[in-house]
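Just so it is clear: in the sequence shown, position 158 is 239 by my numbering, and no numbers are missing.
As structure tokens, the structure follows; a few thoughts come after it.
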Amino acid sequence: MLDYEFMRNAFMAGGLVAILAGAAGYFLVLRGQAFAGHALSHVGFAGATGAALIGTPPIFGMLAFMILGAAAMGALGKRLRGSDVAIGAVLALSLGLGMLFLHFFTAYASQVTALLFGNVLGVDRSTLRILGVSTVLCLVLLAFISRPLLFASLQPELAEAKGVSLRTVGILYLIIVAVATAASIQIVGVLLVFTLLVCPAAAAQRLTSGAGNGIILSILLALLEAWLGIALAYLTDWPVSFWISALSVGIYLAASSVRSIALQTVTRHPIGG
């Protein structure tokens, strides 16, 4: 399997994306902004197709639109929570615009279509370098804001009273999510971006209580899903996106079952009871 360069590239790309998505996704779930992250992926799709329409590489348009969208969402602050209808409208409009742009300009159709479903087996060395630099920069920034971000996520009113700028932290964090989403899109596509960005983090939060352990477990689960999904795709010739999404959902359901059983056990046999 690893005798082929495209498979080595796929495993390295999958690993980089999984590390970034696992770390960034933990806070996304903790802050209740999973739907906003999904909307960013659709905004990115519109940006990619719009860039293709004017003759610019789709990846640049995708990143530009997603970073602008992340900054706008971050500026909304607390108002973003509970705005599922508005976010859903933006999501639908973005996907519609993307299809409209693609209708008018089909020269990049294969590249843009790959953004919908992912194409990790087509990652080359230059893309790996971009992924590597993006991952390192985002992880450094995430580590820098992790303490105020955790504080603002768990106790926003108290954090604001202590001088934490919720808007600044929110904007910086959602920009990290935008880059993580753009990276995940190359692996699983726009339509399945939840698989690496949300499912491992959600599973980790059902199995652990501390933020540190939760982030580590989220990264490990994302790595497992990405690498095992790529290996199974090679062995079965089925799409990588299918295997990663199936593994992600399966692990999340298993984690939810384990938590449910643990809670039932504690209820029936309380400590000291």
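Cβ atoms here follow ideal geometry from the backbone N, Cα and C, with glycine treated the same way.
Remember, it's a predicted structure, so these values are computed and weren't measured experimentally.
Between which two residues does the alpha helix (DSSP H) containing residue i stretch?
{"i": "I135", "result": "Run containing I135: none; DSSP gives neither H nor E here."}
{"i": "P320", "result": "P320 -> no alpha helix (DSSP H), and no H or E assigned at all."}
{"i": "G210", "result": "This sequence places Arg at residue 210; Gly is not what is there. Looking at the DSSP string, the run of the alpha helix (DSSP H) that includes R210 is R206 to L235."}
{"i": "L202", "result": "Neither: L202 is in no alpha helix (DSSP H) and is coded neither H nor E."}
{"i": "Y107", "result": "E86 to L111"}
When the Cα of residue i is compared with those of the options, which residue comes out closest?
{"i": "A224", "options": "Y85, F108, P281 and F92", "result": "F108"}
{"i": "M143", "options": "L134, A129, G293 and L235", "result": "A129"}
{"i": "V321", "options": "N200, S215, S246 and G291", "result": "N200"}
{"i": "V124", "options": "F232, M154, V110 and L304", "result": "M154"}
{"i": "Y85", "options": "A303, D205 and I332", "result": "D205"}
{"i": "F87", "options": "L209, L134, A173 and L183", "result": "L209"}
{"i": "F232", "options": "V250, V110 and W319", "result": "V250"}
{"i": "L301", "options": "V339, C219 and A102", "result": "A102"}
{"i": "A335", "options": "P281, L111 and T317", "result": "P281"}
{"i": "G326", "options": "S175, L247, V274 and M180", "result": "The amino acid at residue 326 is misidentified as Gly; the sequence shows Ser. Comparing Cα-Cα distances from S326 to each of S175, L247, V274 and M180, the minimum goes to V274."}
{"i": "G106", "options": "L305, W319, S265 and I311", "result": "S265"}
{"i": "V269", "options": "G95, M82, L255 and N90", "result": "G95"}
{"i": "G177", "options": "G295, A127 and Q267", "result": "A127"}
{"i": "L196", "options": "S207, A263, A156 and S227", "result": "A263"}
{"i": "S227", "options": "A104, R89 and L97", "result": "A104"}
{"i": "G140", "options": "S338, L97, T346 and S207", "result": "Contrary to the premise, residue 140 reads as Ile rather than Gly in this sequence. Cα-wise, what sits closest to I140 is S207."}
{"i": "I332", "options": "A283, T137 and Q345", "result": "A283"}
{"i": "W319", "options": "H184, N90 and F198", "result": "F198"}
Applying the 10 Å Cβ sphere with the 16-neighbour rule, what's the burial state of residue i?
{"i": "V217", "result": "exposed"}
{"i": "Q236", "result": "exposed"}
{"i": "I342", "result": "exposed"}
{"i": "Q114", "result": "buried"}
{"i": "I135", "result": "exposed"}
{"i": "A99", "result": "buried"}
{"i": "S329", "result": "buried"}
{"i": "G295", "result": "buried"}
{"i": "G293", "result": "exposed"}
Compute the beta-carbon to beta-carbon distance between residue i and residue j, rounded to the nearest angstrom, for a pair I have assumed lies under 8 angstroms.
{"i": "W308", "j": "F146", "result": "Wrong, their Cβ atoms sit about 30 angstroms apart, outside the cutoff."}
{"i": "V279", "j": "G118", "result": "7 angstroms"}
{"i": "I257", "j": "L222", "result": "6 angstroms"}
{"i": "C219", "j": "V260", "result": "5 angstroms"}
{"i": "L277", "j": "A303", "result": "5 angstroms"}
{"i": "L288", "j": "R340", "result": "7 angstroms"}
{"i": "S234", "j": "L111", "result": "5 angstroms"}
{"i": "G131", "j": "F182", "result": "5 angstroms"}
{"i": "R248", "j": "A156", "result": "6 angstroms"}
{"i": "M82", "j": "Y315", "result": "6 angstroms"}
{"i": "M212", "j": "L97", "result": "The amino acid occupying residue 212 in the given sequence is Leu; Met does not appear at that position. The Cβ separation is near 5 angstroms, so the contact holds."}
{"i": "A240", "j": "P229", "result": "7 angstroms"}
Any alpha helix (DSSP H) of 4 or more consecutive residues that is wholly inside the segment 269 to 293: 275 to 278 and 280 to 288
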